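Novice: One structure, as structure tokens, below. Some questions next.
If you want it as structure tokens, here you go:
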């Protein structure tokens, strides 16, 4: 193993933080937005008549159409999609559903080639921002790629997929800590995908949050917690709730079809939502569709409407629902969202 002095990550001190409080990170996001000409998010106009609250989707994907894949944006070998997920299809569905903006999460179908998503961000600068995919390459090239995507190409978050780390290694290895720390410096939240279960990664998440409190964390799809039925599931969901002690952690109430054991509108996720809002506060919870996968499950518009149906059953206040459906996301990612 190389000595510490020769490490490509030695410039990222493990216990020094850009901010003493993660809330101050919002100032960094706002400053970065204004520097890039992105402006500020607001759910009301400056006039005396408030505009309708923005509806924002915190989690979706796009990938090339078959025609685009033949040309400029090939799929990663072995990751050819079986369903349509092109940007034109998405924009159509968002318009029909009254969704004003979204975070596009780099799909595994294009792996670390972000050119397709970057092209969509450039075509729709008032509609989308990007979440890039962290490349945990041991030579440190993923850190430089993260910097370029954030500073040059409108990416405002980064996704940690623990299953892309080298075999036997964790997100808390040297490269993982360096990227997590650098994300905090850049003012970009880290989304974490625990597809095989939160319990497999809870210790890594806790360690990263404890060591780097200035880096905001977004837990994709409620940490993939199902409505608990077994002791193990109850313990896992309890772990999710306990992460609320870290003020930098936010929860995506997204991809309900992945969590629920029931058909639409996924009523068994109602108690999950109620408890997460109780522990985190609605201002740390955000809705996401998981387009395009959601289309064949219940439909994009229906995915948006499901949250309102569940909120009415809990019940949640109209203010809490507004936070979940866009205000939380809008405060994290300052952006003048404009419907097409």
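Numbering (UniProt numbering), first residue to last: 1 to 340.
Each residue gets a CB set at the ideal place from its N, CA and C atoms; glycine is no exception.
Since we're looking at a predicted model, the values are computed, not measured.
Along the chain, where does the beta strand (DSSP E) that runs through residue 182 open and close?
Specialist: Against the chain shown, residue 182 aligns to sequence position 182. Segment 174-186 is the alpha helix (DSSP H) holding residue 182; no beta strand (DSSP E) there.
Novice: Of all the beta strand (DSSP E) runs that stay within the bounds of the segment 229-284, which reach a length of 3 or more residues?
Specialist: Runs found: 249-254.
Novice: Please name the residue, chosen from 333, 311, 325, that lies closest to residue 55 on a Cα-to-Cα basis.
Specialist: Taking the chain shown and counting its residues from 1, the one referred to as residue 55 is at position 55. Considering only alpha carbons, the answer is 325.
Novice: Just checking, does the segment 74-83 make contact with the segment 123-136 on the three C-beta pairs under 8 angstroms criterion?
Specialist: Not touching, per the Cβ criterion.
Novice: Straight-line CA distance for residue 40 to residue 124?
Specialist: Here residue 40 refers to the residue found at position 40 of the chain shown. Here residue 124 refers to the residue found at position 124 of the chain shown. Its pLDDT being 39, under 50, residue 40 is placed unreliably in this model, and the value from its coordinates should be taken loosely. In a straight line, the C-alpha of residue 40 is about 17 angstroms away from that of residue 124.
Novice: Out of 303, 160, 117, which has the shortest C-alpha to C-alpha gap to residue 68?
Specialist: Position 68 of the chain shown, counting from 1, holds the residue named residue 68. Checked all of 303, 160, 117; the closest Cα to residue 68 is 117.
Novice: Just the Cα atoms here: how many angstroms apart are residue 135 and residue 218?
Specialist: By one-based count along the chain shown, residue 135 stands at place 135. By one-based count along the chain shown, residue 218 stands at place 218. So the alpha carbons of these two residues sit roughly 18 angstroms apart.
Novice: Could you check whether residue 306 and residue 289 sit closer than 7 angstroms to each other, using their CB atoms as the reference points?
Specialist: Within the chain shown, residue 289 is the residue found at index 289, counting from 1. Within the chain shown, residue 306 is the residue found at index 306, counting from 1. For residue 289 and residue 306, no; Cβs fall outside 7 angstroms.
Novice: For residue 319 and residue 330, I'd like the C-alpha separation in whole angstroms.
Specialist: As a position in the chain shown, residue 319 is number 319, starting the count at 1. As a position in the chain shown, residue 330 is number 330, starting the count at 1. Whole-angstrom Cα-Cα distance: 14 angstroms.
Novice: Measure the C-alpha to C-alpha separation of residue 213 and residue 120 and round it to an integer number of angstroms.
Specialist: Counted from its first residue, the chain shown places residue 213 at position 213. Counted from its first residue, the chain shown places residue 120 at position 120. So the alpha carbons of these two residues sit roughly 32 angstroms apart.
Novice: List the endpoints of the continuous alpha helix (DSSP H) containing residue 131.
Specialist: The count along the chain shown starts at 1 and reaches residue 131 at position 131. Unbroken run through residue 131 is the beta strand (DSSP E), 128-133; no alpha helix (DSSP H).
Novice: Compute the beta-carbon to beta-carbon distance between residue 159 and residue 193, rounded to the nearest angstrom, for a pair I have assumed lies under 8 angstroms.
Specialist: Mapped onto the chain shown, residue 159 falls at position 159. Mapped onto the chain shown, residue 193 falls at position 193. At roughly 6 angstroms, the Cβ-Cβ gap stays under 8 angstroms, so residue 159 and residue 193 are in contact.
Novice: Per DSSP, which one or two residues make a beta bridge with residue 191?
Specialist: As a first step, residue 191 must be located in the chain shown, where it is residue number 191. Bridge partners of residue 191: 159, 218.
Novice: Do residue 261 and residue 271 come within 7 angstroms of each other at the CB atom, strictly closer than that value?
Specialist: On the chain shown, position 271 is the one that residue 271 refers to. On the chain shown, position 261 is the one that residue 261 refers to. No, Cβ-Cβ distance for residue 271 and residue 261 is not below 7 angstroms.
Novice: Hey, would you say residue 241 sits closer than 7 angstroms to residue 198, going by beta carbons?
Specialist: Your numbering for residue 241 matches position 241 in the chain shown. Your numbering for residue 198 matches position 198 in the chain shown. In this structure, residue 198 does not lie closer than 7 angstroms to residue 241 by Cβ.
Novice: If I measure Cβ to Cβ from residue 203 and keep anything under 7 angstroms in the same chain, skipping five residues before and after, which residues do I get?
Specialist: Walking along the chain shown from the start, residue 203 turns up at place 203. Correct list: empty, nothing qualifies.
Novice: Sort out for me which residues DSSP pairs residue 102 with in a bridge.
Specialist: Position 102 of the chain shown, counted from the first residue, corresponds to residue 102. According to DSSP, which records beta bridges pairwise, residue 102 is partnered with 57, 128.
Novice: Measuring only the C-alpha atoms, how far is residue 280 from residue 246?
Specialist: Taking the first residue of the chain shown as 1, we reach residue 280 at position 280. Taking the first residue of the chain shown as 1, we reach residue 246 at position 246. C-alpha separation (whole angstroms): 10 angstroms.
Novice: Could you tell me the boundaries of the alpha helix (DSSP H) in which residue 320 lies?
Specialist: Taking the chain shown and counting its residues from 1, one reaches residue 320 at position 320. 318-322 is the extent of the alpha helix (DSSP H) around residue 320.
Novice: Candidates 298, 221, 133: which alpha carbon is nearest residue 179's?
Specialist: Position 179 of the chain shown holds residue 179. Taking only the C-alpha atoms, the option nearest residue 179 is 133.
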